[in-house]
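One rule links them: number in this note's numbering = place in the sequence shown (from 1) + 259. From the three backbone atoms N, C-alpha and C, an ideal C-beta is built for every residue, glycine too. Working notes for the structure below.
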Amino acid sequence: MTSRYKLDRIDLKILAELQRNGRITNVELADLVSLSPSPCLMRVKKLQKAGYIVGYAAQIDVAKLGDTLTVFTEFTLKNHRQVDFARFQEALEKVPSCVECHLVSGGYDYLAKFVTSSIADYQNVIEALIDRSVGIDKYFSFVVMKTPFVKTQLPLTDLFEDRI
């Protein structure tokens with residue numbers, strides 16, 4: 260975050276609306292959050308400058324492009340020093356098919372999500388990670404059979420409105 264900015268309910272509404280539709284016009288956004296366009300634009304710019312808005316992206320229907328394989332993988336590392344975690348994270352971040360990585364508590368260290376073209380492609384990714392000696396002790400793979408839904412929006416007002 261590059262500067263301090265205290266959020267209020269209107270800011271939260273702006274973030275929620277932009278999360279739903281990042282291509283909304285400023286005039287439409289201002290109307291939805293009950294502001295005039297100029298103050299609305301100023302708030303959006305402050306939210307961007309403060310680091311609350313980190314970017315805009317298109318949501319792609321990957322199924323229209325072709326078949327893919329989604330695999331969640333649990334990783335346990337051999338050692339648990341900070342340098343071991345950093346080495347593993349750095350290696351995983353360089354794998355294009357790894358789209359999420361979470362350091363978790365419980366019976367393993369990391370939960371990662373891979374999207375590959377096939378099971379063979381996924382296996383090649385895992386073998387390459389093991390060959391690079393990035394500290395993997397063991398891993399377990401969970402192939403996704405079907406994805407009934409994916410939510411791309413967080414319930415911001417439910418999560419934070421009582422804190423503002």
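Practice problem: Measure the alpha-carbon distance for Ile-395 versus Glu-386 and round it to whole angstroms. | Solution: Here the question's residue 395 lines up with position 136 in the sequence shown. Here the question's residue 386 lines up with position 127 in the sequence shown. Their backbone Cα atoms lie some 11 Å apart in a straight line.
Quiz item: Is there contact here, the region 388 to 406 with the region 326 to 339, by at least three beta-carbon pairs under 8 Å?
Solution: yes
Practice problem: Please list, in chain order, all residues of the same chain as Pro-296 whose beta carbon is under 6 Å from its beta carbon, the five residues on each side excluded. | Solution: One-based indexing of the sequence shown puts residue 296 at position 37. These residues qualify, in order along the chain: Asn-285, Val-286, Ala-289.
Practice problem: Would you kindly report the start and end of the unbroken beta strand (DSSP E) that includes Ile-395? | Solution: Residue mapping note: residue 395 aligns to position 136 of the sequence shown, counting from 1. First-last of the beta strand (DSSP E) with Ile-395: 395 to 402.
Quiz prompt | Closer than 8 Å to chain B by CB, Val-330 | solution = The structure shown contains no chain B; it is built from a single protein chain.
Quiz prompt | Local conformation of Val-363 per DSSP, three classes | solution = What you label residue 363 is simply residue 104 of the sequence shown in a count that begins at 1. Three-state result, Val-363: coil.
Practice problem: Tell whether a beta-carbon distance below 8 Å holds between Lys-272 and Val-292. | Solution: Here residue 272 corresponds to residue number 13 of the sequence shown, with the count starting at 1. Here residue 292 corresponds to residue number 33 of the sequence shown, with the count starting at 1. Yes.
Quiz item: Taking Asp-368 as the reference, which of Glu-333, Glu-420, Phe-408 has the closest Cα?
Solution: Working through the sequence shown from its first residue, we reach residue 368 at position 109. Checked all of Glu-333, Glu-420, Phe-408; the closest Cα to Asp-368 is Glu-333.
Quiz item: Under a three-way DSSP split, which group does Leu-324 fall into?
Solution: Taking the first residue of the sequence shown as 1, we reach residue 324 at position 65. In the structure shown, Leu-324 sits in a helix (DSSP, three-state: H, G or I).
Quiz item: Can you name, in chain order, every residue of its own chain whose Cβ lies under 6 Å from the Cβ of Gln-278, other than the five neighbours on each side?
Solution: Within the sequence shown, numbered from 1, the residue matching residue 278 stands at position 19. The residues are Gln-412.
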